[in-house]
Amino acid sequence: MTRHPKTQAGPRTAEDGGTSVVHLTLNGQELLAHPGQTVGAALIDAGIQSWRTTRKNGRPRGLFCGIGICYDCLITVDGAPNQRACLVPVREGMQLSTTAAPVGPATDAPNDGGTER
(Lines of atoms letter the chains of each structure in order from A; the text may use other names.)
(Lines give C-alpha, C1' and ligand atoms only; values in the text may rest on other atoms or scores of the structure.)
Protein backbone atom coordinates (compact mmCIF):
# COMPACT_ATOMS: atom_id res chain seq x y z
CA MET A 1 0.00 0.00 0.00
CA THR A 2 1.48 3.34 -1.03
CA ARG A 3 0.40 6.75 0.22
CA HIS A 4 0.93 9.90 -1.80
CA PRO A 5 3.11 12.29 0.25
CA LYS A 6 1.32 15.48 -0.80
CA THR A 7 -2.30 14.36 -0.41
CA GLN A 8 -4.15 16.47 2.08
CA ALA A 9 -7.61 15.62 0.86
CA GLY A 10 -10.02 13.40 2.70
CA PRO A 11 -13.59 13.26 3.83
CA ARG A 12 -14.75 16.34 5.62
CA THR A 13 -16.65 15.98 8.85
CA ALA A 14 -19.59 17.95 10.22
CA GLU A 15 -17.14 19.98 12.33
CA ASP A 16 -15.45 21.45 9.26
CA GLY A 17 -18.62 22.02 7.22
CA GLY A 18 -18.65 18.70 5.36
CA THR A 19 -21.31 16.04 5.10
CA SER A 20 -21.63 12.74 6.89
CA VAL A 21 -18.89 10.15 6.52
CA VAL A 22 -18.75 6.41 5.98
CA HIS A 23 -16.38 4.39 8.18
CA LEU A 24 -14.46 1.51 6.63
CA THR A 25 -11.24 -0.34 7.35
CA LEU A 26 -8.29 -1.27 5.15
CA ASN A 27 -6.15 -4.04 6.64
CA GLY A 28 -7.48 -3.04 10.07
CA GLN A 29 -6.77 0.69 9.65
CA GLU A 30 -9.84 2.93 9.84
CA LEU A 31 -10.57 5.12 6.84
CA LEU A 32 -13.30 7.67 6.23
CA ALA A 33 -15.13 8.07 2.93
CA HIS A 34 -17.85 10.21 1.45
CA PRO A 35 -21.25 8.58 0.98
CA GLY A 36 -21.59 7.62 -2.70
CA GLN A 37 -17.86 7.19 -3.31
CA THR A 38 -16.45 4.00 -4.75
CA VAL A 39 -13.86 2.08 -2.77
CA GLY A 40 -11.21 3.20 -5.28
CA ALA A 41 -12.17 6.85 -4.92
CA ALA A 42 -12.11 6.56 -1.12
CA LEU A 43 -8.63 5.01 -1.19
CA ILE A 44 -7.29 7.70 -3.53
CA ASP A 45 -8.97 10.38 -1.39
CA ALA A 46 -7.16 8.93 1.65
CA GLY A 47 -3.84 9.25 -0.19
CA ILE A 48 -3.47 5.56 -1.00
CA GLN A 49 -2.33 5.12 -4.60
CA SER A 50 -1.63 1.40 -4.76
CA TRP A 51 -2.98 -1.55 -2.82
CA ARG A 52 -1.85 -4.62 -4.70
CA THR A 53 1.13 -5.81 -6.72
CA THR A 54 1.38 -7.72 -9.98
CA ARG A 55 2.00 -11.45 -9.87
CA LYS A 56 4.83 -11.32 -12.36
CA ASN A 57 7.17 -8.58 -11.15
CA GLY A 58 5.57 -7.30 -7.95
CA ARG A 59 4.83 -3.88 -9.43
CA PRO A 60 2.37 -1.66 -7.53
CA ARG A 61 -1.17 -1.35 -8.85
CA GLY A 62 -4.20 0.69 -7.85
CA LEU A 63 -6.78 2.76 -9.68
CA PHE A 64 -5.98 3.01 -13.40
CA CYS A 65 -8.97 3.21 -15.75
CA GLY A 66 -11.58 3.92 -13.07
CA ILE A 67 -14.39 2.30 -15.10
CA GLY A 68 -13.96 -1.42 -14.48
CA ILE A 69 -12.14 -2.44 -17.64
CA CYS A 70 -8.50 -2.92 -16.61
CA TYR A 71 -8.75 -4.94 -13.34
CA ASP A 72 -5.73 -3.11 -11.85
CA CYS A 73 -7.74 -2.05 -8.78
CA LEU A 74 -8.66 -5.51 -7.45
CA ILE A 75 -9.18 -5.68 -3.68
CA THR A 76 -10.86 -7.97 -1.16
CA VAL A 77 -14.15 -6.50 0.09
CA ASP A 78 -15.81 -8.04 3.16
CA GLY A 79 -14.01 -11.32 2.47
CA ALA A 80 -14.91 -11.45 -1.25
CA PRO A 81 -11.63 -11.42 -3.24
CA ASN A 82 -10.95 -9.78 -6.61
CA GLN A 83 -13.50 -6.99 -6.41
CA ARG A 84 -12.92 -3.97 -8.64
CA ALA A 85 -12.46 -1.03 -6.28
CA CYS A 86 -13.53 1.40 -8.99
CA LEU A 87 -17.01 -0.16 -9.17
CA VAL A 88 -17.84 -1.08 -5.55
CA PRO A 89 -19.62 1.68 -3.59
CA VAL A 90 -18.51 2.21 0.01
CA ARG A 91 -20.77 1.00 2.81
CA GLU A 92 -20.67 1.68 6.52
CA GLY A 93 -18.43 -0.85 8.30
CA MET A 94 -16.96 -2.25 5.09
CA GLN A 95 -13.78 -4.26 5.62
CA LEU A 96 -11.17 -4.04 2.88
CA SER A 97 -8.03 -6.11 2.73
CA THR A 98 -5.08 -6.34 0.43
CA THR A 99 -2.76 -9.20 -0.22
CA ALA A 100 0.59 -8.87 -1.86
CA ALA A 101 1.06 -11.29 -4.71
CA PRO A 102 3.88 -13.76 -4.16
CA VAL A 103 7.13 -12.57 -5.72
CA GLY A 104 10.00 -15.00 -6.21
CA PRO A 105 11.93 -16.95 -8.84
CA ALA A 106 8.84 -18.81 -10.05
CA THR A 107 6.71 -15.67 -10.43
CA ASP A 108 9.24 -12.91 -11.13
CA ALA A 109 10.09 -13.85 -14.72
CA PRO A 110 11.44 -11.17 -17.07
CA ASN A 111 8.81 -9.15 -18.86
CA ASP A 112 8.17 -10.58 -22.29
CA GLY A 113 6.88 -7.25 -23.59
CA GLY A 114 3.22 -8.19 -23.12
CA THR A 115 0.71 -6.53 -20.87
CA GLU A 116 1.41 -7.40 -17.25
CA ARG A 117 -1.52 -8.18 -14.96
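In this text, residue positions in the sequence shown follow full-length UniProt numbering: the first is 1, and each later residue adds one. Heads up, the beta-carbon is just placed ideally off N, CA and C, and yes, glycines get one too.
> Looking at LEU96 and ILE75, is the spacing between their C-beta atoms short of 8 angstroms?
Replying inline: yes
> What's the gap between the Cα of CYS70 and the Cα of ARG84?
Replying inline: 9 angstroms
>> By the three-class DSSP mapping on this structure, what secondary structure does LEU31 have?
In response: strand
>> If you reduce the DSSP assignment to three classes, tell me which class ILE44 lands in.
In response: helix
> Can you tell me whether DSSP reads VAL21 as helix, strand or coil?
Replying inline: coil
> Just how far apart, CA to CA, sit LEU43 and PRO60?
Replying inline: 14 angstroms
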